[in-house]
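Counting in the UniProt record's numbering, the sequence shown runs from 1 upward without gaps.
Ideal placement from N, C-alpha and C gives every residue a C-beta, glycine not left out.
Please read all numbers here as calculations on a predicted model, not as lab measurements.
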Amino acid sequence: MAKESTTIDVGEPSNVTKSSSHIVVDGKKKRSFVVANAGGKRGLAIFDFLLRLAAISATLAASIVMFSAEETLPFFTQFLQFQASYDDLPTFQFFVIAVAIVASYLVLSLPFSIVTIVRPLAVAPRLVLLIFDTLVVTLNTAAAASSAAIVYLAHNGNQNTNWLPICQQFGDFCQIVSSAVVAASIAIVFFLVLIIISAIALKRH
């Protein structure tokens, strides 16, 4: 009976050793998964930061180019001149203000993007970026879409309402405002990618 008892006692530590080693292996797997997950999120965060820099360049260029849109037609006398400027149209004024606000937001969002690089598993900064990116892209889209409609009318006019195309006379002006709208549209694409990145980063939690 003593031998059987001894055999049972020897067997128990063996089982405990196996189970503890199993726990150690699971812990290593879990740590490796967390490290790999953090590495993937850090890569997304770096890409997010670079996209924000590109979006800042696009929005600043769009706002500055539209603000500088102006052309004066040469005429026989300086007392009678035809001039086209961005502030002649409220839509273009809205474009300059709205896109400037978008560019300012992007600059302010850079510290949050840096936090997601330093702490890739943090949820709060990523969630803040996702919410405000979604709101700001709406403003950017409204500015670009409304200005694109005016640019279309400037190029093609509208015979039903007797709106004549002005780009035949103000060619440089139309080219400048068209470039501004294109830059703002590129910024919209950047924002959509930023929103997708934030959604993917949050989904992996």
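Item, Value
"Euclidean distance between Cα positions of V65 and S179", "8 Å"
"C-alpha distance - Q169 paired with E70, whole-angstrom precision", "13 Å"
"Segment contact flag, the stretch 45-65 with the stretch 186-198, C-beta cutoff 8 Å, min 3 pairs", "yes"
"C-beta atoms of T91 and A149 nearer than 9 Å", "yes"
"Whole-angstrom distance between V107 and R119, CA atom to CA atom", "20 Å"
"Beta-carbon proximity list for residue 207, same chain, < 6 Å, skipping 5 on both sides", "A query on residue 207 cannot be resolved here, the shown segment of the chain reaching from 1 to 205 and no further."
"Same chain, Cβ closer than 8 Å to I200, neighbours up to 5 away in sequence not counted", "L44"
"A84 - partner residues in DSSP beta bridges", "E71"
"Cβ-Cβ separation, L194 to R126 (assumed contact under 8 Å), whole Å", "That belief does not hold up - the Cβ atoms of R126 and L194 are roughly 11 Å apart, past 8 Å."
"Burial state of A61 (16 or more Cβ within 10 Å)", "buried"
"Coil, strand or helix - N158 by DSSP", "strand"
"Beta-carbon proximity list for R42, same chain, < 7 Å, skipping 5 on both sides", "I117 and P120"
"Short Cβ contact (9 Å threshold) for F67 with N140", "no"
"Inter-residue spacing [alpha-carbon to alpha-carbon] between F49 and S146", "29 Å"
"F173 burial status per 10 Å Cβ neighbour count (16 or more: buried)", "buried"
"For V181, the nearest candidate out of S113, V96 and V136 (CA to CA)", "V96"
"Same chain only: Cβ atoms within 7 Å of W163, ignoring 5 sequence neighbours per side", "L153 and G157"
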